[in-house]
Each structure stands twice: as structure tokens, then as C-alpha cells.
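For reference, the structure is listed below as C-alpha cells.
Protein chains: 2
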Amino acid sequence: MELNDRKIQILQAIIMNYLETAEPVGSRTISRRLPLGLSSATIRNEMSDLEEMGLIVQPHTSAGRIPSTKGYRLYVDHLMGLSGKPMERFDQLRGLLQNKYVQLDSLMKEMGDILAELTKYTAIVDMPQFRKTRIKRLQLVPLDQYSMILVVVTDGNIVRNNVIRTRHPLQVEDTYRMTDILNEHLAGRTFDAITPEEAAAMKREMQADSTMMEGVWDAISNMLRYADNIDVFTSGATNILNFPEFSDIARARALMEVFHEKDKMLSLVDYDLKEDESMKITIGSENTIEQLKDCSVVTATYKYGGQNIGSISVVGPMRMDYDRVIGTLDYLVKDFQNMFADNEEKEQKKPTE
Amino acid sequence: MELNDRKIQILQAIIMNYLETAEPVGSRTISRRLPLGLSSATIRNEMSDLEEMGLIVQPHTSAGRIPSTKGYRLYVDHLMGLSGKPMERFDQLRGLLQNKYVQLDSLMKEMGDILAELTKYTAIVDMPQFRKTRIKRLQLVPLDQYSMILVVVTDGNIVRNNVIRTRHPLQVEDTYRMTDILNEHLAGRTFDAITPEEAAAMKREMQADSTMMEGVWDAISNMLRYADNIDVFTSGATNILNFPEFSDIARARALMEVFHEKDKMLSLVDYDLKEDESMKITIGSENTIEQLKDCSVVTATYKYGGQNIGSISVVGPMRMDYDRVIGTLDYLVKDFQNMFADNEEKEQKKPTE
DNA sequence: TGTTAGCACTCGATGCGATAGAGTGCTAAC
DNA sequence: GTTAGCACTCTATCGCATCGAGTGCTAACA
């Protein structure tokens, strides 16, 4: 059967109506709504065809139609008018991204919160892969005789820190000297770019400089290797409670639970995308996670240095306002990427050593 | 009417039964359960008295009884057997508290998560008042020509950092020198202990040392004044969905919403306690927050240097397992306080300047 | 050939009455 | 003081009739 223009118009009308009301759409509604001057009977015939084509389904015999996964897919891929309207309320985020506060965890959390608030859906933020960003500066901060904190600042002024313990008593001057050596070797590079041979060489060189460096390098390389917290944040999980499709408490709970299962969320936001697409939409049964079979997920990835280093997702009901979600995500990701880019520029005027 | 021993036994039986089942308790149930050899009719008489005393209520005429706020209060204050049984699963937290990872936000968040998981209720963690803890060390980390990060480590190896911008171009050596000056003046003191006069004097002294210090001191004092993030974290908010009393979606949503209103949560965990009590229990209608009228809140405060600096709370249904919650909270708070105490000891062996 | 009016049919939602059952309060007997 | 017995109350549940939205089909129409 051919999907002619009229069928498309009707499908679109059904979907848009359903997006608003969350109620099955009947032929009369469409007949009145569409300015085609067609009676409900004609619409019924067309709807019957659309159902046969698998684009819409009937919850039960005497109900209206709702879009199927396939129907949404068609809508998202071809029918949806991408409104590039500028988003308000982003100023708040802008402020954050302008380096005012740069604790990675807090930043990502805040991003998720804002996204959840803007979209009214649930946001899932995947931590950027620290190891793929460039080290701007390292600094050892002495704490007491046997411990210090290693502060690492990477591009985007992302700060992370770990406690390091040593076997030999520390002097404050030692930490300064070690800091200088560390920066000399590592500043301006990404963690990933450091080969094992190089690391070994660095270690030897450092130990030659001071016996005390011994434990330090191990701790550092340890941190670099393991401390890349692959992690996800979920924000606005409870937003889904506002949608009638999840007013069943059991279903709501199942969703809540899955939102807090980190491995499932990680598999969800997996940003293993083709190079050219930066936005992935998974609709209903296309989801691999059982509990999300009635949900849609829009995932946007962000890049750094040409590589995907993380992603941001929105999870909502299948009748999600795809248009707005995509617009918001797009804006958000671009801003976030700019944060890294801006700092790369500034990098030119380094503090003079 | 006198609350004799038998009445107390019956009340206790009613409460304990209701804690388990969340169903109104009938006279027959008590008659069978209590080894007093009393018939249900006798129990009914006693229950009638207990109701007259306001300790139990009937949801409707032909239903069993459930404890009233007053009844729970009596139970919590006098009847409950405080089982000091040691808690398992705390090892995880122990690890965290042993300085392995010391980002304040993450630590507090993790504490909330563990508490929520252990109790199966919702945990609310109030950030410790940074300003009342003692500064162990400050460190300026240069970023680029016009910005650097001020890292502050306080007792308990709590790390916080803020970006500082300057008008004058920076040299790396400057940041080292400034760091030394900062530590000389501020290390070992609490933010609160610094008087305005003292601060002004410090500023003058610093500016004499270097013109570049100008903007720096302002930024620092700014950070100390405003950056004490009075904040709360809510963990396991969705746990309450598991309780039948909140299976009504509207009520569940109202609760969820209130959990995310930071000011309300702050008012909730207000740790304005009498000096001698470290645990406050608010039951049902005793709550000032409307949405929590059916909930109970157990709040434990933690001290540092003799002052309350924060609190940890558990929110659950009125038929909460008070006993277990109190035990868990008590354990958690003690451990957390030890973290500060331990580090105070270590403080003796400072790194040699 | 496409469109439409008309109509029988389906099925969920709603409302109502009857019923069952849990639990009470009261009374009278022990 | 305790208890058996009983009438009473109230909720929860089930069946049943009804309503109405919406469909599919057929026949007539342009």
C-alpha cells in the first residue's frame, strides 16, 4: 500500500494529537481537526490502512488509534518540523559553563537538573571521559607528613583530586618541586596519549631526582588509570510521575528503579555512534532495556578533540515532545563543547613559567 | 484514666503489628498474639480506653486501630527497645571515610545513598558547615594568565575549590609565594574565627608583599564568605514508593516534589537542637511541612569542635522502624565524627615547613 | 472510483445494588 | 473483671445494566 500525502497528513495529525492528550485519537477528532473537508468515515478508511501498515495501533477494538513505535519512528525521521527556536532559561547554565564553578561532578549534576527542568522529562548525564581530555595543570597539595592531594585540572577547567599517601615524610618544598616536574612532563597532554614506555621513563627520571618520588608516581599513574569515574547521573527521575501513562504505581516504581541502576543507565547512554550523527533517538520497543519499552530516549553526544567523550540523554514517554527535546539537547551540547573550545583558545596565553 | 501495664502491652502490640503490616489491627489479632490469655472482647475494652486517651485511632467505625501521632510518640520515647545491634554493610562507608576519596559533595552524597539503602527509607544529608571547620591547608593552582584555582582543605580532608580571576598577569612563582602567605595566616584556623579587623590587616600585609595580591584577597574572602554552600542532598527518594501508604500516585508525587525543594528540606534538617540531645524524632502531624504530615523524620546531628555543623536525616512513613533507623543513624554519625577526630590527631605530625 | 451517511457492533468506563467479612460496642452472664 | 453472644457499621468486592466513544461494513451518491 502506498503512503500517499493524505495518509501522511492524517498520521501526523494523529501523532500530534496524541502527543498533547495522551488519549487514543478517534476518526471524528481528525476529521474536524484536519482542514481537508473529509468526513470521519473517510478518515476511518485511511486509519484502517495506516493500521495495516503498522504505523498506528488500537489499544482495544472500540478505541481510537495511538502511534506505534514504527509510527513515531516515521514521524521523528521525516515528519517532525525541527524548530530551531532559541531556548530561554539557559543563562543559568551559561553561568556555570563560564568557569564560575568547575567541580566536574557538580557541573554535570547541574546540567542534568537544568535539562530535566527544561524538558520536564528525566535527564541522564554521562560523565565525560576524563582520560581523553588534555591536562592543563597538576598540583600537589601537602596535607600532613605522609599524605597530599593531587589536584588535576583538565581542559574546560575541570578539577579532580585524589589523596596520595607516601612512605617517606614530606616537606612542603618537595611537593612544589614534584609539582614542577609533573607539569613539565604531563601538562598539555591527554592521559590516553601517555604510553607505558613513556610512563616508565618518566618514573625513572623522577626517582633520580628524589627518592621520595618513589611512591608518588605509582599513586599518580594509579589515579590516572582507575580514577576515571565512568559514571552517570540521573536528574528529574520523578518527572515521569507527572505523565498519565505512568500513573500506575508499579510501572512508575519499575522505572525509578531502573533509573538508579548505573550499569543499565550506562548501557543506555552508550555513545557508540557513527561519526556523522550526534543525536540518537530510541523509541519504545527499540529499547533494549525491558523497563523502558514504553519510553523514548534521545541521546546527544559531545566531542572533544574529535572524539566522543560523553553524552547527555533525555528519557520520557513515547509521546515525548521530540522536537523540543532535540532542540534543547542540541543547544546544551554545543554550549558544553564550547566550554572546552573556549579554554583551548585561552590556552595560548599560558602563565609564564 | 490510668495507663496501666496491660494497656501499655496492648499498645505496644498494636504498634508493632502495624509497623509490620501497615493494616489496622483488630482485637482478635492482639488477643491471639499477646500471651496474656485475654479474649478479644477484653482487648476491645482496653482498646476503647486507649482510643479515648488519644493513643490509637480508628480509620473508620468498623476497622481495627492504628497508632496516632501521640501513640507513636509514647512508643518512641518510652516503649521502644533500643537494640544496639551492630550494623553490617558499613564497611563501604568506612572506606570512604578513611580518606580514600574526599570530595565533600561526593562523600555526602555517598553517605546519603548508603543510608537510604540500609534503611530503605529516604535519606537527607545536610552539608557540614564548612566555615566552622578548621583550615588545614590552602593552595593556589595556576591555570592561565588571569586565573587560578584556590584549593582549600579543611579538617576531615574535605577539599573544596573555586576559580579566582585576577587583573594582573600571573607567574607560577607568584602563586607559590601567595600560597605560602595564605597558609601562614590561615592554616589551623576556622573561617568563623577570622575577625573583619584581622582580615583587613591581612589584606594590607599581603598587598605590601605584592601588588598582584590585590584582587586575590578579595576573591578569597569572597569565597570564604559566600561559598559555604548551605545545601542538602536527598537520596533514595523513590524508596517511599515501596510503602503501601504512598501507593496513591498523587501523594507519592507530592512527596517527591517536596523532597526536591531545597528550602523545605533545609528547614526540615534544621539542627537547632538542645545541646544534650543528638537525635530528634518528628512524628506525623508534629511536622511543620504539610506534605510530611504522614511521615516521620529522624534527624541526627554531627558535631565538630563542640558545635553542630550539620545533620543527617531519614524520612519514612509514620510506621517507620524507628529502632533500626536510630541505630543506623547513630552509627553513621559517630563514624563521620571520627573522621574529623582522626585527622585532628594526625595533625600533630604536620609536614615540616 | 472515491466519498459519505447510516447502522450494527464492540468494549471500556461508570454507576448501582447486593453481599461478604472484618471489626466494633454493648449487654448479659459467669 | 472477663467473656460469649449478637446486632450493627462500614468497606471492599462482585455482578449487572447502562452509556458512549469509536469502529467496520454496506449501500447510496457524485
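Going down the list, the protein sequences come from chains H and X. Residue 84 in the working numbering sits at position 84 of the first sequence, with consecutive numbering throughout. Residue 111 in the working numbering sits at position 111 of the second sequence, with consecutive numbering throughout. Every residue, glycine too, gets a C-beta built ideally from N, C-alpha and C. On a predicted model such as this, the values are computed, not experimentally measured, just so you know.
Beta-bridge pairing of residue i - partner residues as DSSP gives them
i, result
"P317(X)", "C295(X)"
"D126(X)", "V232(X)"
"A300(H)", "M279(H), I312(H)"
"Q12(H)", "Paired residues: none, contrary to the question."
"R160(X)", "V152(X)"
"I56(X)", "P67(X)"
"R165(X)", "S147(X)"
"Q307(X)", "Y304(X)"
"T190(H)", "R134(H)"
Opening and closing residue of the beta strand (DSSP E) in which residue i lies
i, result
"A63(X)", "Looking at the DSSP string, A63(X) is not in any beta strand (DSSP E), and its letter there is neither H nor E."
"N239(H)", "N239(H) -> no beta strand (DSSP E), and no H or E assigned at all."
"K280(X)", "279-283"
"A31(H)", "The question names Ala, but residue 31(H) is Ser in the sequence shown. First-last for S31(H): 27-33, but that is the alpha helix (DSSP H), not the beta strand (DSSP E)."
"I194(H)", "No beta strand (DSSP E) contains I194(H), which DSSP labels as neither H nor E."
"M73(H)", "Strictly speaking, residue 73(H) in this sequence is Arg, with Met absent from that position. Taken as a continuous stretch (DSSP letters only), R73(H) belongs to no beta strand (DSSP E), being part of the alpha helix (DSSP H) at 69-74."
Option nearest residue i by Cα separation, candidates the options
i, options, result
"N242(H)", "T133(H), T234(H), G284(H), A252(H)", "A252(H)"
"I114(X)", "V298(X), F336(X), S235(X), E257(X)", "S235(X)"
"D77(X)", "T301(X), E290(X), Q337(X), M279(X)", "M279(X)"
"K303(H)", "E290(H), K136(H), P128(H)", "P128(H)"
"R44(X)", "I30(X), L36(X), P169(X)", "I30(X)"
"F130(X)", "E52(X), R189(X), L182(X), T175(X)", "R189(X)"
"A371(X)", "F246(X), I220(X), R33(X)", "Residue 371(X) cannot be examined here, being either before or after the span of chain X that is shown, 1 to 353."
"D192(X)", "R167(X), G305(X), R28(X)", "G305(X)"
"I135(X)", "A187(X), R167(X), K109(X)", "A187(X)"
"M108(H)", "G37(H), I158(H), L140(H), R73(H)", "I158(H)"
"K293(X)", "N308(X), E277(X), D270(X), V258(X)", "V258(X)"
"Q337(H)", "T133(H), L3(H), I8(H), S285(H)", "T133(H)"
"L182(H)", "E197(H), T166(H), E205(H)", "E205(H)"
"E261(H)", "I326(H), G71(H), Q291(H)", "Q291(H)"
"E46(H)", "K7(H), V333(H), G284(H), K334(H)", "K7(H)"
"Q307(X)", "I326(X), E277(X), P317(X)", "E277(X)"
"T328(H)", "A237(H), E245(H), G112(H)", "G112(H)"
"D218(H)", "I240(H), T166(H), A254(H)", "T166(H)"
Span of the alpha helix (DSSP H) around residue i
i, result
"I138(H)", "The sequence given here places Leu at residue 138(H); Ile does not occur at that position. Unbroken run through L138(H) is the beta strand (DSSP E), 135-144; no alpha helix (DSSP H)."
"S40(X)", "40-52"
"R253(H)", "249-259"
"I181(H)", "172-186"
"D263(H)", "262-268"
Would you check if there are 3 or more beta carbon pairs closer than 8 Å linking the segment 143-154 of chain H to the segment 143-154 of chain X?
yes
With contact counted as at least three CB pairs below 8 Å, one residue from each stretch, are the segment 299-317 of chain X and the segment 123-143 of chain X in contact?
yes
Anything in the segment 119-138 of chain X with a Cβ closer than 9 Å to a Cβ of chain H? List those residues in chain order, please.
K136, R137, L138
Using a Cβ-Cβ cut-off of less than 7 Å, give me the residues of the segment 168-199 of chain X that come near chain H, in sequence order.
Residues passing the 7 Å Cβ filter: L170, Q171, V172, Y176.
Listed from N- to C-terminal order along the chain, which residues in the segment 307-336 of chain X have their beta-carbon within a distance smaller than 9 Å of any beta-carbon of chain H?
none
Would you be able to state if there are at least three C-beta pairs under 8 Å between the segment 322-329 of chain X and the segment 298-309 of chain X?
yes
Taking one C-beta from the segment 256-267 of chain H and one from the segment 134-146 of chain H each time, how about it: are there three or more such pairs within less than 8 Å?
no
Below 8 Å, can you find three or more Cβ-Cβ pairs linking the segment 64-74 of chain H to the segment 21-29 of chain H?
yes
Residues from the segment 146-161 of chain H in contact with chain X, defined by Cβ distance under 7 Å:
I149, V151, V153, N157, V159, N161
To be precise: take each residue of the segment 231-244 of chain X, compare its Cβ to all Cβ atoms of chain H, and keep it if any distance is under 8 Å. Which residues remain?
A237, T238, L241, N242
According to a CB-to-CB cut-off of less than 9 Å, which residues of the segment 256-270 of chain X neighbour chain H?
M256, E257, F259, H260
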